[in-house]
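Q:
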Amino acid sequence: MKKGVSVKTRITIWYAALMLFMITVVLLLVGTLSYRLSIDNIKKDVTLQVTKVSESIAKRQLDVFHMVDSEKEFKNVSIYETSGKYIAGQYNYDVAGIEFKEGYLRKEKVDNKEYIVYDVSLRHQRGEHSGIWIRGAESVSTAMLLGRSAAASLLIIIPIILLITVLGGYYITKKAFSPINNIIKTADDIALQSDITRRIEISPNAKADELLSLSLTLNKMLDKIEASLRNEKRFTQDASHELRTPISVILAQGEYLCEIAQSDKEKELAEDIVLKAKRMSTLVSRLLLLSRIDQNRQKFNSERIDLAVVCDIAADGMRELAKARKVKLITELEENIIVSADEALLVSAVSNLISNGIKYGKEGSYVLVRTASLEGFSEITVEDNGIGIAKENLDKIWERFYRVDSVRNDDYGSCGLGLSVVKSIVRLCGGEISVKSELGKGTAFKIRFKN
Ligand code: ADP
């Protein structure tokens, strides 16, 4: 399976991206709003100052020089003659040249600086001034400053919030996903060790959430699978057991019929019965052996055995079959390679491999049995130059009842259980089995034991 980005990382990235988006939107909104608000405040301030000054002048009918200079609170306000000449108030060089517009609150730009400007005119002044302009003007730089400081804070705040979000998000998802990791680990263990009795561990402090109910459901499902497998094994075992006696009777009676046959036809029929009964007997013994191994009930005599002796016994048992099929059976045995295993079981596994090599060999082909000790391993190799197995079928040959070519294999008396039995025996003996094969060229099975 292709390894991708974990769900944890994906969630964290999404979460961080969403947070980044939201923080940016919020800060932009705050920035824009604070700019707008301060512009509004400046506008209010300027209008108020101008109105205050104009009201004071109008009410008291005082001389404007005296008036504005004495009222310190009239900030940002200056007074001009109708000709535009500055008379009094806070002089601002930038705004002095701007055209006067009666009662028009506006934004004016002077040398890249922006001002809020508001003008009011007063007529019929006493003394030397017949009319005046009262101008309020305040720079909007404070509002800009506010906007800019919001932008600057964006640059500092975002990375910090993002870091907290990523770390926090990763920690939270990691914690949330830990029950799933537990489920994956248990499923892997079950697959690796073929141990269906294992269950997902559930902590007593586990919270009652979706993941807990998933774990409980999976455990319930495993209970059911285990129970049905147990029933299936029991059925196989019981059925095989029940079949043993009738098959023995058919075999004995078939052999007797062979002896008393009156004609060639009768003999041929009786021999066929014996052949089929022998195959059934082999099938039943293999099924029984498999179910005993599956249920850990197979007797296992662990002894120090020489692999050369095992291969010798197995090859000797197969010489007759090899001769009948015109296949050369060769042994190249290095002695004194000792392993701890059950001799009888290992002999039957090697015999099976040799018999396959012969069965699926061609006339004049060979089966070579070798033992070797290398790189911390002791191994038995059973190699042939027979029909070989296609690449796409190599994984399936270990499955129960699998036969590459069921029609053709019938002629060999095969039932598709041999390699399943071999694999179970090798595992029981603490070894591993592997296969290499090329269609039309041959097959090599290797049994390995760690030293
Ligand atoms: P069977 O009783 O059919 O021989 P096995 O489990 O021993 O059952 O083998 C499964 C299938 O693997 C066989 O049907 C056969 O097609 C293939 N096979 C096993 N050994 C060999 C071999 N040495 N050469 C070619 N094909 C083989």
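According to my numbering, the stretch in the sequence shown is residues 1 to 451, in order. Glycine included, each C-beta is placed from N, C-alpha and C at the ideal position. Since the structure is predicted, the reported quantities are computational estimates derived from the model, not experimental observations.
Can you list, in chain order, the residues of its chain with a C-beta nearer than 6 Å to that of residue 273? Leave out the 5 residues immediately preceding and following it.
A: In the sequence shown, the residue the question calls residue 273 occupies position 273. Once the five neighbours on either side are set aside, the close Cβ partners of residue 273 are 254.
Q: So, with DSSP's three-state summary, where would you put residue 331?
A: Locating residue 331 in the sequence shown gives position 331, counting from the first residue. DSSP places residue 331 in strand when its eight states are reduced to three.
Q: How big is the Cα-Cα spacing for residue 390 and residue 211?
A: As a position in the sequence shown, residue 390 is number 390, starting the count at 1. As a position in the sequence shown, residue 211 is number 211, starting the count at 1. Distance between the alpha carbons of residue 390 and residue 211 is about 44 Å.
Q: Run the proximity test for residue 328: is its beta-carbon closer than 7 Å to any non-hydrogen atom belonging to the ligand ADP?
A: As a working mapping, residue 328 is identified with position 328 in the sequence shown. No; taking the cut-off as 7 Å, the Cβ of residue 328 has no heavy atom of the ligand ADP nearer than that.
Q: With respect to the alpha helix (DSSP H) encompassing residue 217, which residues constitute its N-terminal and C-terminal limits?
A: Numbered from its first residue, the sequence shown carries residue 217 at position 217. 210-260 is the span of the alpha helix (DSSP H), which, as asked, contains residue 217.
Q: By Cβ distance, which residues of its chain are closer than 7 Å to residue 180, with the 5 residues on each side in sequence left out?
A: Position 180 of the sequence shown, counted from the start, is the residue given in the question as residue 180. If we look at residue 180 and ignore the five residues flanking it on each side, its Cβ neighbours are 211.
Q: Give me the residue from 295, 383 and 377 with the minimum Cα distance to residue 332.
A: The residue you call residue 332 lines up with position 332 of the sequence shown. Among 295, 383 and 377, the Cα nearest to that of residue 332 is on 383.
Q: Buried or exposed for residue 417, please, with buried defined as at least 16 other CB atoms from any protein chain shown within 10 angstroms of its CB.
A: Along the sequence shown, read from residue 1 onward, the residue named residue 417 stands at position 417. Under this definition residue 417 is a buried residue.
Q: Please classify residue 200: is it buried, with 16 or more other beta-carbons within 10 angstroms of its beta-carbon, or exposed?
A: In the sequence shown, the residue the question calls residue 200 occupies position 200. Under this definition residue 200 is a buried residue.
Q: Could you check if residue 402 belongs to the surroundings of the ligand ADP, using beta carbon to heavy atom distance under 7 Å?
A: Along the sequence shown, read from residue 1 onward, the residue named residue 402 stands at position 402. True, at least one ligand heavy atom lies under 7 Å from that Cβ.
Q: How close, in whole Å, do the beta carbons of residue 108 and residue 117 come, if the pair is a contact with beta carbons under 8 Å?
A: Within the sequence shown, the letter at position 108 stands for residue 108. Within the sequence shown, the letter at position 117 stands for residue 117. That pair is a contact at about 5 Å.
Q: Would you mind reading off the limits of the beta strand (DSSP E) that contains residue 444?
A: Here residue 444 corresponds to residue number 444 of the sequence shown, with the count starting at 1. Looking at the DSSP string, the run of the beta strand (DSSP E) that includes residue 444 is 442-450.
Q: Could you tell me whether any non-hydrogen atom of the ligand ADP is closer than 7 Å to the CB of residue 359?
A: Taking the first residue of the sequence shown as 1, we reach residue 359 at position 359. Checking the Cβ of residue 359 against the ligand ADP gives yes.
Q: Find the nearest neighbour of residue 198 within the set 139, 161, 185 and 115, judged by alpha-carbon distance.
A: Position 198 of the sequence shown, counted from the start, is the residue given in the question as residue 198. That would be 185, whose Cα lies nearest to the Cα of residue 198.
Q: For the ligand ADP, I want to know if residue 414 counts as a neighbour, meaning its beta carbon is within less than 7 Å of at least one of the ligand's heavy atoms.
A: Position 414 of the sequence shown, counted from the first residue, corresponds to residue 414. Flag set: Cβ of residue 414 near the ligand ADP.
Q: What number of angstroms, rounded off, separates the C-alpha of residue 80 from the C-alpha of residue 133?
A: The residue labelled residue 80 in the question sits at position 80 within the sequence shown. The residue labelled residue 133 in the question sits at position 133 within the sequence shown. Their backbone Cα atoms lie some 5 Å apart in a straight line.
Q: Which residues does DSSP list as the beta-bridge partners of residue 89?
A: Stepping through the sequence shown from its first residue, residue 89 is reached at position 89. DSSP lists 78 as partners of residue 89.
Q: Measuring only the C-alpha atoms, how far is residue 123 from residue 155?
A: The residue given as residue 123 occupies position 123 in the sequence shown. The residue given as residue 155 occupies position 155 in the sequence shown. Residue 123 and residue 155: Cα-Cα distance of roughly 53 Å.
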